[in-house]
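J.: Residue numbers (our numbering), protein chains in the order written: chain A, 57 to 338; chain B, 2 to 309.
Ideal Cβ placement from N, Cα and C applies to all residues, glycine included.
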Amino acid sequence: MTTKGVRRPLGLAPTAVLLLGALYCLLPVCWVLAASTKTRGELFTTNAFTPGTGFFSNIADLSEYRDGIFWQWMANTALYAGVGALLSTAVSVLAGYALAKFRFFGRNVIFNVLIGGILVPAVVLAVPQYLLLAKAGLANTYWAVLLPSILHPYSIYLARIYASAAIPDALLEAGRIDGAGENRLLRVVAVPLMLPGMVTIFLFQFVAIWNNFLLPFIMLADDERFPLTVGLYTLLATGANQPALYNLVITGALLSIIPLIALFLTMQRYWRTDLSGGSVKS
Amino acid sequence: MTKANRGARAYSAGATPYLYLAPAVVLFTLFIAAPRGYTPDLSLRRVQFSGLGLGKKSRTEIFVGLDNYRTAVADGEFWAGWLRVLGYATLVLALMLGLALVFALLLDSARVRLARFSRIAIFLPYAVPGVVATLLWGFLYLPSLSPIHGTLRAFGFDNVDLLSPSTVMFSMVNVAIWGGTGFNMLVLYTQLRAIPRDYYEAARIDGAGELAIALRVKVPILAPALVLTTVFSIIATIQVFTEPMTLRPISNAVSSTWSPLMKVYRDAFVTGDLYSAAATSLVIAAISVVPSLLFMRLVRRQAFGEER
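1. Thinking residue 274 of chain A and residue 136 of chain A are a contact (beta carbons under 8 angstroms), I'd like their distance in whole angstroms, please.
2. Against residue 320 of chain A, what residues of chain B qualify as contacts under a CB-to-CB distance less than 9 angstroms, listed in chain order?
3. Within the same chain, show all residues whose beta-carbon is closer than 8 angstroms to that of residue 141 of chain B, passing over the 5 residues directly before and after it, in chain order.
4. If residue 46 of chain B sits next to residue 276 of chain B, beta carbons under 8 angstroms apart, how far is it from one beta carbon to the other, in whole angstroms?
5. Since I believe residue 119 of chain B is in contact with residue 75 of chain A (beta carbons under 8 angstroms), could you give me their beta-carbon distance rounded to a whole number of angstroms?
6. Determine, using beta carbons only, whether residue 267 of chain A comes closer than 8 angstroms to chain B.
7. Output the boundary residues of the beta strand (DSSP E) element that contains residue 168 of chain B.
8. Answer with buried or exposed for residue 58 of chain A, where buried requires no fewer than 16 other C-beta atoms within 10 angstroms of its C-beta.
9. Along the alpha helix (DSSP H) that carries residue 103 of chain B, what are the first and last residues, could you check?
10. Going along the chain, which residues of its own chain have a beta-carbon closer than 6 angstroms to the beta-carbon of residue 62 of chain A, five neighbours each way excluded?
11. Less than 8 angstroms between CB atoms is the rule here; does residue 49 of chain B satisfy it with respect to chain A?
12. Quick one: list the residues of chain A neighbouring residue 43 of chain B, beta-carbon separation under 7 angstroms, in chain order.
13. What does DSSP give as the partner residues of residue 100 of chain A in its beta bridges?
14. Does any C-beta atom of chain A lie closer than 8 angstroms to the C-beta of residue 144 of chain B?
15. Taking Cβ positions, are residue 195 of chain A and residue 223 of chain A nearer each other than 8 angstroms?
16. On the DSSP letters alone, give me the boundaries of the alpha helix (DSSP H) that residue 183 of chain A sits inside.
17. What separation, rounded to the nearest whole angstrom, lies between the Cα atoms of residue 162 of chain B and residue 172 of chain B?
18. Within 10 Å of its beta-carbon, does residue 94 of chain A have 16 or more other beta-carbons around it, so buried, or fewer, so exposed?
19. Any contact between the stretch 254-262 of chain A and the stretch 272-289 of chain A? By contact I mean 3 or more CB pairs, one from each, below 8 angstroms.
20. Buried or exposed: where does residue 134 of chain B fall if 16 or more other Cβ atoms within 10 Å of its Cβ makes it buried?
21. How far does the beta strand (DSSP E) with residue 61 of chain B in it reach, from first residue to last?
22. Indicate the three-state DSSP secondary structure (helix, strand or coil) for residue 241 of chain B in the structure shown.
23. Just to confirm, are residue 93 of chain B and residue 174 of chain B a CB contact at a threshold of 8 angstroms?
24. For the stretch 75-101 of chain B, which residues have a beta carbon sitting closer than 8 angstroms to at least one beta carbon of chain A?
25. Roughly how many angstroms lie between the CA atoms of residue 127 of chain A and residue 309 of chain A, to the nearest whole one?
26. Which class does residue 49 of chain B belong to by DSSP, given the choice of helix, strand or coil?
Here you go:
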C-alpha cells in the first residue's frame, strides 16, 4: 500500500464524499459538545456551534437534580454493562470452545437451538420475561436487567468461529498426551489464544447492554436502578414541556456518551466484525 | 448421555463439553425457551371479572382460544403501524445499506486521503445509544434550538416542521441511518480488506478502472455480507421501538402505537392487557420469521457449510 499515491492520482471526489459522511456523523456530537457548555439563556440565543459559558454550572445542576440521581444512573449502567458483558463473554467462550473443539452427542442440536435464539425477536420475549421474573420476585431488581443480558447467541456463534480458527487441534492433542486435564488446557491453551476474540466479544456486548433501552424500560419501575438510557428518557419526558430542563438533558446526553466514545477510540483495533481471521491486527 | 466416537476430528472427552455448555444452556432455558413457551400460553387466555371486579376471587383467568388473535388482527391501528414501519424500514434499509456500501468501497479504494479519520468518524455513532441519538437529533429538529432550520431558510424553505405527522417518519429514518451506517460499513469494509490485493490486478491489466473493479469485482464478492447485513437490519427495523418512543415527548405526531412493538408495550404495561399483548407479539414474530429463517440458512452455509 506504500505506492498508492505514486501509482494512482488522489481521488478528490471519493475523499470529499467520505469527509461529507464524516461531517454528517460528527454534526450531532459537535452540537451536543457546544450546547452542553451553554447557559439556559445562551442555549436559545447564541449560534448552535459556539461554545457558551455554563458548562460547569450545567454539570453542577445535573449533579444536584434529584440528589444526584444522574450519577446513580451512570453507576448502574457501568454495573449492568461491565458485569453483564464479562459474564456474557465467559459463557460464550466456554460454549463456543466446547462446540468448536469437542465432538459429542447432541453437538449440532445444541448449537442450532442456541443459535436459534437469535431468531426470537425481543418483542416476543419482553412480556413473558417480565412476568416470569416478577413471579420469581426479581422484577424491578438489578437481576432483572443483568440476568437476561448474559446469554447472547450471536456471541456464542462468534466464539465458536473464533475457537475453530485460533486454537490448533494439535496443540490440544499434545497437551492431552502430556496428561493435562481439560480445565488446565482451557486455562493455559484455549483462553490465551482466544483472548483477542474475547475482547471483541466483550466490547460488542458491553455496548449492546450500555445502549439497551427496551429491557430495563420494561423491567424497572424504581428510578434508583435505572440505567442512563431509561433515566435520560424519563428526564426528557418530564422536561419536554419545560425548556428549563433542556440543559440537564443535553448535559446528561453528553456525559452518557463520553465513556463509550473513550472506550471506542482507545480500543480501535478490537472493533472487528469478523473473527474468522484468527488473530486481530490493527 | 452417550459419547459419540464417529469421525474423531475433534476430541471427545466425556462430560467436559456438556459442563462447558451448561451455563449457556441453563440461561437459554430460563430466559429464552421458557418465556417463548409462555407467550403462546398467555395469548390464549384472558382475565374475566365477575361481580364488581373487586377483590382477588372476582378475577379469574379463562381460556379464550384464538380470540386475542382475532382482536389483534382485526385492529386497524396495528396494521397502520405495520404500514408506517414498512415505509420506515424500506427507506432505512435502502439508504443506510446503500451509504454503508458506498463508504466501504470508497475506503477500500487506494485513492482517498484521511481515510482513517473518515472511517472512525462514520463508525462513531455506533457508540451512541439509540435513546441519546434520538434525543440529540430531536433537539436538532426543534426550531428554537436547531441550526438546521436556519440552513433550510437560507435555501428558501421557511417554517419546515421536522416533527409534523408528514415529516416525522423521515426524521426517524435519519436517526436510524445516522446510527446504523457505520456498523454496516465496518462489516462490509472488513470483508473487503480480507480480499487479497492482487485479486484486482488482473482486472487492472485488462484496463478496468476503479469504478468497474468496484462494481464488477468487489460488489459480487460482498454479496453474502450484504445479504447478512440486510437480514440483520430487517429484523432490527421491524422491531423499532426506542426511536419513536424517545421522540414522543417532543412530537405530537408519534402516537403510542406508532410501531407494532409500541402497541405491544402499551397493551402490556399501560393498559395492562398482557394477553392481547402476547397475541400481538406472536403475530409480529410470525411476520418477521421469514427474514429470520433466511438468516439461519445463510449463517449455517457461510460459516459451517464447509466444516462438516
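T.: Straight from the coordinates:
1. Actually they do not touch by this definition, with Cβ atoms about 14 angstroms apart.
2. Correct list: 121, 124, 125, 127, 128.
3. So the list reads 147, 148, 149, once near-sequence residues are dropped.
4. Sure, about 5 angstroms apart at Cβ, within 8 angstroms.
5. At roughly 6 angstroms, the Cβ-Cβ gap stays under 8 angstroms, so residue 75 of chain A and residue 119 of chain B are in contact.
6. Judged by the 8 angstroms Cβ criterion, residue 267 of chain A is in contact with chain B.
7. Element bounds for residue 168 of chain B: n/a, residue is neither H nor E.
8. Unreliable placement is indicated for residue 58 of chain A, whose pLDDT of 43 sits below 50; the coordinate value is still reported in the next sentence. Counting every other CB atom within 10 Å of its CB across the protein chains shown gives residue 58 of chain A a total below 16, marking it as exposed.
9. Element bounds for residue 103 of chain B: 77-109.
10. Low per-residue confidence applies at residue 62 of chain A: pLDDT is 44, beneath 50, and the placement is therefore not dependable, though the value from the model is reported in the following sentence. Within the same chain, and ignoring the five residues on either side of residue 62 of chain A in sequence, no residue has its Cβ closer than 6 angstroms to its Cβ.
11. It does not; no Cβ of chain A falls within 8 angstroms.
12. Within 7 angstroms of the CB of residue 43 of chain B, the CB atoms of chain A belong to 184, in sequence order along the chain.
13. In DSSP, residue 100 of chain A forms no bridge with anything.
14. Residue 144 of chain B does not count as touching chain A.
15. No, they are not a contact pair.
16. Segment 178-191, the alpha helix (DSSP H) holding residue 183 of chain A.
17. Distance from the CA atom of residue 162 of chain B to the CA atom of residue 172 of chain B, rounded to whole angstroms, is 10 angstroms.
18. With 16 or more Cβ atoms within 10 Å of its Cβ, residue 94 of chain A is classed as buried.
19. Fewer than three pairs of CB atoms, one per stretch, sit closer than 8 angstroms, so the stretch 254-262 of chain A makes no contact with the stretch 272-289 of chain A.
20. Counting the other Cβ atoms within 10 Å of the Cβ of residue 134 of chain B gives 16 or more, which makes it buried.
21. That run of the beta strand (DSSP E) goes 60-64.
22. In this structure, DSSP gives residue 241 of chain B a state outside helix and strand, which the three-state scheme calls coil.
23. Taking 8 angstroms as the Cβ cut-off, residue 93 of chain B and residue 174 of chain B qualify as a contacting pair.
24. Taking 8 angstroms as the Cβ-Cβ cut-off against chain A, the residues of the stretch 75-101 of chain B that qualify are 100.
25. Whole-angstrom Cα-Cα distance: 13 angstroms.
26. Residue 49 of chain B falls in the strand class under three-state DSSP.
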